[in-house]
Amino acid sequence: MAFLLRVLPTPVPCSVIRPSSGLLWRYASSSSSSDRSRQRVEVQLKESDLTESFVKGSGKGGQKINKVRNCVLLTHIPTGIQVQCQKTRSLDGNRRAARKLLLQKLDDQVNGNLSKRNEKIEKLRRRKARRSAKSKHKYGNVEESAMQEEEEEEEEEIEEDLEDGEELADIDLAEHRFKAKKSK
């Protein structure tokens with residue numbers, strides 16, 4: 001598929017055909033560039049396109065994981081994508097999870113930015129940005145006003161210190177010196 005994308009300039013996928021030989025793209029020839037908007041293609045797995053093998057697991061769990069072949073290795077023949085899954089101790093659960101993961105990877109490869117996973121990520125990103133904007137709107141003015149007040153107070157203190165400094169210059173410091181008491 002990557003070969004097709006390199007050979008043909010900016011393809012417009014109309015549909016994806018899944019014969020047993022693999023994924024094929026049909027390209028539509030359009031005259032204007034505005035017609036070249038991509039649409040999401042629904043990806044489906046065929047059991048004939050998959051090779052499934054079971055291998056011994058690894059990781060934490062001790063003998064019960066290392067003795068049993070419940071880790072599923074699923075390969076999609078047309079694209080060459082491999083998925084290994086060992087989420088649970090049950091073989092059926094791992095088979096379901098591996099198929100789900102493979103379907104997700106195929107969706108990412110075929111649809112790119114229009115895949116379900118990328119749409120969820122984009123939705124979360126927009127939600128986070130919306131929350132951030134609301135927070136800035138709600139608390140941003142308070143923080144700015146607090147900073148301005150602090151700056152104004154500092155300026156007033158500096159001015160008062162300068163005024164006090166002028167008054168101190170008029171006083172004879174020799175008369176007002178204090179000596180520390182000696183301790184016994």
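Just so we're aligned, residue 1 is where the sequence shown starts under full-length UniProt numbering, counting upward by one. Beta carbons are placed, not taken as given, at the ideal position from N, Cα and C, and that holds for glycine. Keep in mind that this is a model prediction, so the values were computed, not measured.
**Request:** Using DSSP bridges, identify the partner residues of Glu52.
**Result:** Leu74
**Within 9 Å, strictly: CB atoms of Ser58 and Gln86** = yes
**Message:** I need the DSSP call for Met1, collapsed to helix, strand or coil.
**Reply:** Any answer about Met1 is weak, because its pLDDT of 49 lies below 50 and its placement is not dependable; what the coordinates show is given next. Three-state DSSP puts Met1 in coil, outside helix and strand.
**Prompt:** Between the C-alpha atoms of Leu101 and Arg40, what's the straight-line distance to the nearest angstrom?
**Reply:** 18 Å
**Prompt:** Taking the beta strand (DSSP E) that Val83 falls in, what are its first and last residues?
**Reply:** Ile81 to Cys85
**Request:** Note down the Cα distance separating Val110 from Val43, rounded to an integer number of angstroms.
**Result:** 8 Å
**Request:** Give the C-beta separation of Leu91 and Asn70 to the nearest angstrom, bearing in mind that I take them to be a contact with Cβ-Cβ under 8 Å.
**Result:** 5 Å
**Request:** Determine the extent of the alpha helix (DSSP H) in which Leu102 is found, giving its start and end residues.
**Result:** Leu91 to Asn111
**Prompt:** When the Cα atoms are used, what is the spatial distance from Leu74 to Lys56?
**Reply:** 14 Å
**Request:** State the DSSP-derived secondary structure class of Gly57, mapped to helix, strand or coil.
**Result:** In this structure, Gly57 counts as coil in the three-state DSSP scheme.
**Prompt:** From Arg38 to Glu151, what distance separates their C-alpha atoms?
**Reply:** Taking the Cα positions, Arg38 is about 54 Å away from Glu151.
**Message:** Applying the 10 Å Cβ sphere with the 16-neighbour rule, what's the burial state of Ala98?
**Reply:** buried
**Message:** I believe Val68 touches Glu52 by the beta-carbon criterion, under 8 Å. Please report the beta-carbon distance rounded to the nearest angstrom.
**Reply:** That belief does not hold up - the Cβ atoms of Val68 and Glu52 are roughly 16 Å apart, past 8 Å.
**Asked** Which whole-angstrom value is the C-beta distance of Thr79 and Leu106, which I expect to be below 8 Å?
**Response** Thr79 to Leu106, Cβ: 7 Å. Contact.
**Asked** Can you tell me where the alpha helix (DSSP H) with Lys46 in it begins and where it stops?
**Response** Careful: Lys46 lies outside any alpha helix (DSSP H) and carries neither H nor E.
**Prompt:** In whole angstroms, what separates the C-alpha of His137 from that of Arg130?
**Reply:** If you take the alpha carbons of His137 and Arg130, they lie about 11 Å apart.
**Request:** Can you say whether Asn113 is buried or exposed, counting buried as having 16 or more other CB atoms within 10 angstroms of its CB?
**Result:** Burial call: exposed.
**Item:** Nonlocal neighbours in the same chain, by C-beta distance under 7 Å from Arg95, ignoring five residues either side
**Value:** So the qualifying residues of the chain are Val72.
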